[in-house]
Amino acid sequence: MIPFNKPYTTGKEIAYIEQVLASGHLSGNNHFSKKCQDFFENRYNIPKTLLTTSCTDALEMCAMLIDIQPGDEVIIPSYTFVSTALSFVRQGAKIIFADSHTDQPNIDETKLQTLITPKTKAIVVVHYAGVACEMDTIMTIAKERNIFVIEDAAQAIESTYKGTQLGTVGDLGTFSFHETKNVQCGEGGLLLINNPTFIKRAEVIWEKGTNRQAFFNGEVDKYGWVDTGSSYLPSDILAAVLYAQLEEIDEIQQQRKAIWQQYYDYFINVDLEAFFSFPSIPSYATNNGHMFYLVCKSQEQRTQLISKLKSKSIHAVFHYQSLHKSAYYKNKLNQNLVNSDMYTDQLVRLPLFFELSKDEVDTICKAVASSI
Ligand SMILES: *Cc1c(COP(=O)(O)O)cnc(C)c1O
Numbered sequence: 000m001i002p003f004n005k006p007y008t009t010g011k012e013i014a015y016i017e018q019v020l021a022s023g024h025l026s027g028n029n030h031f032s033k034k035c036q037d038f039f040e041n042r043y044n045i046p047k048t049l050l051t052t053s054c055t056d057a058l059e060m061c062a063m064l065i066d067i068q069p070g071d072e073v074i075i076p077s078y079t080f081v082s083t084a085l086s087f088v089r090q091g092a093k094i095i096f097a098d099s100h101t102d103q104p105n106i107d108e109t110k111l112q113t114l115i116t117p118k119t120k121a122i123v124v125v126h127y128a129g130v131a132c133e134m135d136t137i138m139t140i141a142k143e144r145n146i147f148v149i150e151d152a153a154q155a156i157e158s159t160y161k162g163t164q165l166g167t168v169g170d171l172g173t174f175s176f177h178e179t180k181n182v183q184c185g186e187g188g189l190l191l192i193n194n195p196t197f198i199k200r201a202e203v204i205w206e207k208g209t210n211r212q213a214f215f216n217g218e219v220d221k222y223g224w225v226d227t228g229s230s231y232l233p234s235d236i237l238a239a240v241l242y243a244q245l246e247e248i249d250e251i252q253q254q255r256k257a258i259w260q261q262y263y264d265y266f267i268n269v270d271l272e273a274f275f276s277f278p279s280i281p282s283y284a285t286n287n288g289h290m291f292y293l294v295c296k297s298q299e300q301r302t303q304l305i306s307k308l309k310s311k312s313i314h315a316v317f318h319y320q321s322l323h324k325s326a327y328y329k330n331k332l333n334q335n336l337v338n339s340d341m342y343t344d345q346l347v348r349l350p351l352f353f354e355l356s357k358d359e360v361d362t363i364c365k366a367v368a369s370s371i
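Numbering-wise (numbering that gives the first Met the number 0), the sequence shown opens with residue 0 and increments by one.
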């Protein structure tokens, strides 16, 4: 069986974990946590980053940082993972769902204006498959109306918009290090604080609502409860696993992008346009080898494709279900988002992981071509 995903490990993880165990400092914000944060701050030129236990947690921190109050509206694409919306709903936000483009799953920025009201507090964009949203348009609309922009860049490590790393364009950004992402530590995330006015409060929210960080910095002589927050720090054991991966980020990216390219080159060279559409990368965006997907012409075709691949021992999977139709949110709004529903029914993801061999990719490509 060719699995859909196989988390990559570099081999150095165990040695780094042993180092943490021997140090006697296993909690968060220790040696490896700081090394990971420094890595991102230096590599992407970010004023401040904080390691979290998931991207979901980093998004929850965003909702607290922009001070969402009950009734505030937040615009979010419907075609995304639950966490993008849930983190804001927990703080009382009303979600206004946006549709995707017809030719790619990212938020359709040309229709954003119609969703904005005086209650709009933030726009949360998702860079699907690591491909950038049209950030200039989104930032301009947001600035004119004093709306925050948050980037769910869970899939977008090492990918850019007009040369700028994704997650660093908006006020705040988030990464995920879940085992399905390019760089992983099982469960993990990062908050990217691009707007420095958020730094002090983010450190408090991160540390259970206490000013512990200010205490360590010598700014106060005792620490206590000063704000809302939660326990968002991962253990240094997880940071050790993550750091081993960060050291190999270039190799990981090179390999994943090569696999993506092999898929793409195969499919554009055989004439399959009548049966599938393929990822389109706008000129302002890059591909980071996070995901290779096809869009079928109908849901029936997709069901058949997935089962034909399964019969050949290849595990391909569909992806998000439109959030505006989810059991939890469907009765709150009555929105009609045709492109989000189309990707819900027709998009299929093919296996893509570091150890996938050229022969296996070739086998998968031929299996897809022979399914029609
Ligand atoms: C993976 C993912 C998340 C959730 O990340 P966790 O680290 O599992 O919380 C959120 N949003 C998007 C777009 C994702 O791909």
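Where a beta carbon is used, it is the ideal one built from N, C-alpha and C, also for glycine. This one's a predicted model, so the numbers in the text were calculated from it and none came from an experiment.
- In this structure G70 is exposed. Its beta-carbon is surrounded by fewer than 16 other beta-carbon atoms within 10 angstroms.
- Within the stretch 286 to 317, the alpha helix (DSSP H) runs of at least 4 residues that lie entirely inside it are, in chain order, 298 to 310.
- With a cutoff of 8 Å, H30 does not count as near ligand 1, since its C-beta is closer than that to no heavy atom of the ligand.
- C-alpha of F39 to C-alpha of F274: approximately 41 Å in a straight line.
- Taking the Cβ atoms as the reference, L346 lies roughly 16 Å from Y263, outside the contact range of under 8 Å.
- About 7 Å separates the Cβ atoms of A97 and K110, confirming a contact at the 8 Å cut-off.
- Counted as a single uninterrupted DSSP element, the beta strand (DSSP E) harbouring S175 occupies residues L171 to S175.
- If you draw a 10 Å sphere on the C-beta of G217, you find fewer than 16 other C-beta atoms in it, and that means exposed.
- Rounded to the nearest whole angstrom, the C-alpha separation of Y15 and M60 is 28 Å.
- Rounded to the nearest whole angstrom, the C-alpha separation of W205 and K47 is 13 Å.
- Selection around ligand 1 by beta-carbon proximity, strictly under 6 Å to any non-hydrogen atom, yields S53, C54, T55, T79, F80, S82, T83, V125, D151, A153, Q154, S175, H177 and G188 in chain order.
- Just measuring C-alpha positions, the residue of A257, Y319, S158 and D226 sitting nearest S282 is S158.
- Judged by DSSP secondary structure, L237 falls within the alpha helix (DSSP H) whose first and last residues are D235 to L245.
- Here I106 is bridged, per DSSP, to S99.
- With a cutoff of 9 Å on beta-carbon distance, S370 and Q303 are scored as near each other.
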